[in-house]
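A.B. asks: In the numbering used here, the protein residues as written are 1 to 173.
Cβ atoms here follow ideal geometry from the backbone N, Cα and C, with glycine treated the same way.
The structure displayed is predicted, hence computed values, not measured ones.
Have a look at the structure that comes next, please.
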Amino acid sequence: MYVKFEFTQEDLVDASKRFLSRQTVNHSRGWKNPLLSALAIGVMVFLFIRNQPVIGLLISLVVGGIIFLLYPQLERSGVEGRLRRMAEEMMPPPGPYTCEVEIRSDGLWLRQMNKQIIHEWPSLEAVEETADSVDLFTRDGAGVVVRNRAFASGDERSKFIALARSHLIQARS
1 MYVKFEFTQE DLVDASKRFL SRQTVNHSRG WKNPLLSALA IGVMVFLFIR
51 NQPVIGLLIS LVVGGIIFLL YPQLERSGVE GRLRRMAEEM MPPPGPYTCE
101 VEIRSDGLWL RQMNKQIIHE WPSLEAVEET ADSVDLFTRD GAGVVVRNRA
151 FASGDERSKF IALARSHLIQ ARS
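So, in structure tokens, the structure goes:
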């Protein structure tokens with residue numbers, strides 16, 4: 001089954017964020033990075049105000065707490081900014097950019113930006129439905145985000161999902 005759609009820099013950034021969110025290394029850090037950052041900045045503030053230890057301790061605790069609370073948002077913002085800059089480098093104007101995806105017996109074929117890739121079925125991990133796409137994730141953190149605009153109808157989308165899942169199940173057995 002073959003589908004084709006146009007995509008934008010924004011679509012590329014969104015797909016990259018989806019791939020990053022699935023990687024276990026991003027989840028394993030959890031609270032460690034915010035805590036270490038808050039601790040480091042809190043110590044620096046305390047050392048700066050060391051002449052008045054009680055006030056320095058209170059201010060460093062407040063500043064450390066603020067850093068701890070803001071860290072996840074700051075990190076997301078930084079990652080998104082880097083992804084946007086990468087998308088701009090990869091997709092110079094003018095567009096539009098076309099993505100072609102085909103479910104084949106040997107794997108999931110993809111062509112975009114003058115590149116062809118085949119993700120063989122054993123390398124795929126999941127087929128997930130979202131409100132705006134069908135996401136196919138590989139075990140190595142890559143994948144394909146097939147936007148709903150690739151499908152002529154909801155029925156065609158359902159057939160695509162069913163076919164992809166049947167190949168995935170067959171590859172696992």
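1. At a cut of 8 Å, does the segment 34 to 53 reach the segment 121 to 138 through at least three beta carbon pairs?
2. Between R149 and the rest of its own chain, which residues show a CB-CB distance below 6 Å, the 5 nearest in sequence each way excluded?
3. Would you mind giving the Cβ-Cβ distance between W121 and L168, rounded to the nearest angstrom? I have them listed as a contact below 8 Å.
4. May I have the straight-line CA-CA distance separating N26 from L20, to the nearest angstrom?
5. According to the neighbour-count rule (16 or more other Cβ atoms, all chains shown, within 10 Å of its Cβ), is R85 buried or exposed?
6. Can you tell me whether DSSP reads G81 as helix, strand or coil?
7. Look at the Cβ atom of E100, then the Cβ atom of R111, and state whether they are nearer than 9 Å.
8. By DSSP, does D135 sit in helix, in strand, or in coil?
9. Counting only the same chain and skipping the five closest in sequence on each side, list residues whose C-beta sits under 8 Å from that of M113.
10. Could you compute how far the alpha carbon of D11 sits from the alpha carbon of A126?
11. Secondary structure at G141, three-state DSSP: helix, strand or coil?
12. Once the 5 residues before and after I103 are set aside, which same chain residues still bring their CB inside 6 Å of it?
C.D. replies: Taking the geometry as given:
1. Taking 8 Å as the limit for Cβ pairs, the verdict is that the segment 121 to 138 does not touch the segment 34 to 53.
2. Here the set comprises F5.
3. For W121 against L168, the beta-carbon gap comes to about 6 Å, under 8 Å, which counts as contact.
4. Low local confidence applies: a pLDDT of 48 at N26 is under 50, so the model's placement there is unreliable, and no value is given.
5. When all chains shown are included, R85 counts as exposed.
6. Of the three classes helix, strand and coil, the one that applies to G81 here is helix, per DSSP.
7. In this structure, E100 sits near R111, with a CB-CB distance shorter than 9 Å.
8. When DSSP states are grouped into helix, strand and coil, D135 belongs to the strand group.
9. Once the five neighbours on either side are set aside, the close Cβ partners of M113 are M90, M91, Y97.
10. Going by the C-alpha atoms only, they are around 20 Å apart.
11. Here DSSP, grouped into helix, strand and coil, assigns G141 to coil.
12. Excluding positions up to five away in sequence, the list reads M1, L163, A164.
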